[in-house]
Amino acid sequence: MLGALRLRLLLEWFAIFIMASFVVVAASYWRGASAFDNLFYDQLSAFGRPSADTEILMVTIDEHSLAEIGKWPWPRDIHARAVQTIQQGKPRSILFDILLSEDGDPAGDAALAAAFSAGSPAYLPLHFSTPGNEGRAYDTIPPAPNFAKTVDGIGHVNVEFDGDGIVRRGMLCFDPEDNGRRWPHITELVYRTSGKAMSPAYRRNGNCNQSVLIPYSKRGAFSEVAYADILNGSVPADLIQGRDVIIGATATGLGDNYPVPFGDGGMLSGSEIMANMLGALRRDDFIRPLGTTKSLLLSFLPVWILLIGFLRWRPRVALIASVFLVAVILIGSATALRFNWWFPPGAALLGILFAYPLWGWRRLQAMSDFMASELGDLESEGGMVPIPRTEAATNDLVGRQSTALAGASTICATCAVLSAIHWSICQTRCL
Numbered sequence: 167m168l169g170a171l172r173l174r175l176l177l178e179w180f181a182i183f184i185m186a187s188f189v190v191v192a193a194s195y196w197r198g199a200s201a202f203d204n205l206f207y208d209q210l211s212a213f214g215r216p217s218a219d220t221e222i223l224m225v226t227i228d229e230h231s232l233a234e235i236g237k238w239p240w241p242r243d244i245h246a247r248a249v250q251t252i253q254q255g256k257p258r259s260i261l262f263d264i265l266l267s268e269d270g271d272p273a274g275d276a277a278l279a280a281a282f283s284a285g286s287p288a289y290l291p292l293h294f295s296t297p298g299n300e301g302r303a304y305d306t307i308p309p310a311p312n313f314a315k316t317v318d319g320i321g322h323v324n325v326e327f328d329g330d331g332i333v334r335r336g337m338l339c340f341d342p343e344d345n346g347r348r349w350p351h352i353t354e355l356v357y358r359t360s361g362k363a364m365s366p367a368y369r370r371n372g373n374c375n376q377s378v379l380i381p382y383s384k385r386g387a388f389s390e391v392a393y394a395d396i397l398n399g400s401v402p403a404d405l406i407q408g409r410d411v412i413i414g415a416t417a418t419g420l421g422d423n424y425p426v427p428f429g430d431g432g433m434l435s436g437s438e439i440m441a442n443m444l445g446a447l448r449r450d451d452f453i454r455p456l457g458t459t460k461s462l463l464l465s466f467l468p469v470w471i472l473l474i475g476f477l478r479w480r481p482r483v484a485l486i487a488s489v490f491l492v493a494v495i496l497i498g499s500a501t502a503l504r505f506n507w508w509f510p511p512g513a514a515l516l517g518i519l520f521a522y523p524l525w526g527w528r529r530l531q532a533m534s535d536f537m538a539s540e541l542g543d544l545e546s547e548g549g550m551v552p553i554p555r556t557e558a559a560t561n562d563l564v565g566r567q568s569t570a571l572a573g574a575s576t577i578c579a580t581c582a583v584l585s586a587i588h589w590s591i592c593q594t595r596c597l
């Protein structure tokens, strides 16, 4: 009977091994634990945020500027005046985060194009229309030709939303046509200003559309001035000199604000997201996801260790090991993040939380069936009915079976002693 019990437990262990592994695979590929992973990442990333890059200056189109200058959109001769003023301050570069895909007033367009080419390197964004024409996923829409030929570079400014609508990631380059032209992120172009080579992060990014996690600085940590203050000349030139100037909208009504993984649940402007990306390029501290295959193998490891331990450990040891492995998974994920690697722990935790109670239930069921069979065998031998032990009364099935089996064992032990002194009535009942 014990051999049959061992075989049954082994077969059920193998079934649980397969099911737990499938749970890990499903959670990894279909992001079944993404809500927990995102929450865990957000809480961890709040500790030790990087300092803002002091060489970045944001020129913000904020509510104050809208009140001073007027309703959006503004005529391009206003942008030309602002860019000319910034150029006089001798910045290292100008990132103009406003789409200029259509022609406007010829005089205003000519003045703005001249301002872009008047001094420090200037960069413009392009955007993508989806779905594209002729079956393409995207149509690439560059700046109008008179701007495209006067700036030093054109890059993409796409933001990437996670499943919960939060912007945690960015793409250092984008290939809208798959194996077509690669468009670097505009901040990568700013990084290459003054003849620099491509950034280390860009070189490592073998897959152009592979995203990286952005290490956000604290909200409002970057230096900024209002667009209106640039126009009225109240910004000193030495505040601009030698810095990378990012011009972009921050006013709520202009639609360039996005939810980010900050505990206050607030929004961050697209230009400040770019400032964070440029700072991360300079520090080379983007957080890199491990990738599905590596994350899957690391998720399997603690689950398989626990399952193999089930074959040898006592229940108390298995419980302690389960708690220990959960702690190892969480601490390991947090430690990897400190070294700019992200291992999502949710799949591994789901595997353990699935395997431990299921194995405990099946082992308990197998023991219950074994005790029921043993009691049946005892009852069939001479019609013996075990006497329940009142001091251990319980409503639990396994508890009742254990009590009954203990009672039967007590009777048999007593009968064995009494038989030694020839009490025939006991011999009749037990034999």
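Residue 167 is where the sequence shown starts when you use the working numbering, and the numbers rise one by one after that. Each residue gets a CB set at the ideal place from its N, CA and C atoms; glycine is no exception.
Asked	Found
Would you report the Cα separation of L472 and S194, rounded to the nearest angstrom?	19 Å
Among the residues of its own chain, which have a CB less than 6 Å from the CB of P216, if the five just before and after it don't count?	P381, S383
DSSP three-state call for T385: helix, strand or coil?	According to the sequence displayed, residue 385 carries Arg and not Thr. R385: coil per DSSP, three-state reduction.
Put M364 into one of helix, strand or coil per three-state DSSP.	coil
Assuming A118 contacts D243 (C-beta within less than 8 Å), just tell me the rounded distance between them.	Given that the chain is displayed from residue 167 to residue 597, the structure contains no residue 118 and the question cannot be resolved.
Cutting at 8 Å between CB atoms, please list the residues of its own chain near V325, excluding the five before and the five after it.	V333, G336, Y424, G436, I439
Name the one or two DSSP bridge partners that V378 has.	G336
Using three-state DSSP, classify R347 as helix, strand or coil.	coil
Just the Cα atoms here: how many angstroms apart are G517 and V469?	6 Å
What first and last residue would you give for the alpha helix (DSSP H) that runs through T251?	242-254
Can you pull the DSSP bridge partners for R454?	W507
Which residues share a DSSP beta bridge with L261?	Y289, I412
Identify the residues that DSSP records as bridge partners of D328: which are they?	According to DSSP, D328 bridges with nothing at all.
Quick test of the definition: if touching needs 3 or more C-beta pairs under 8 Å, does the region 384-400 touch the region 200-219?	yes
Answer with buried or exposed for F490, where buried requires no fewer than 16 other C-beta atoms within 10 angstroms of its C-beta.	exposed
How many angstroms separate the CA atom of L176 from the CA atom of A493?	28 Å
Does the distance from the C-beta atom of D410 to that of I222 stay below 8 Å?	yes
D305 lies in the beta strand (DSSP E); which residues open and close that run?	305-307
Starting from P272 and walking both ways along the alpha helix (DSSP H), at which residues does that stretch end?	272-282
With DSSP as the reference, label V391 as helix, strand or coil.	strand
By alpha-carbon positions, which one of I182, V356, L266 ends up nearest to R258?	V356
If I follow the unbroken alpha helix (DSSP H) through T226, where does it start and stop?	It is not in any alpha helix (DSSP H) - T226 instead sits in the beta strand (DSSP E) that spans 222-227.
Under 8 Å, do L266 and P309 count as touching if we go by C-beta distance?	yes
To the nearest angstrom, how far is the alpha carbon of N312 from that of D271?	12 Å
Give the straight-line distance between the Cα atoms of S377 and N506, rounded to the nearest whole angstrom.	14 Å
Counting along the chain, where does the alpha helix (DSSP H) carrying P425 start and finish?	Note, P425: premise wrong, no alpha helix (DSSP H); beta strand (DSSP E) at 423-425.
On the DSSP bridge assignment, give the partners of G319 in chain order.	Y289
Do A199 and A403 have their C-beta atoms within less than 8 Å of each other?	no
Got a sec, what are the start and stop residues for the beta strand (DSSP E) S435 sits in?	433-435
Which residues does DSSP list as the beta-bridge partners of F294?	T306
In the DSSP assignment, find the unbroken alpha helix (DSSP H) run with L205 in it and report its ends.	200-211
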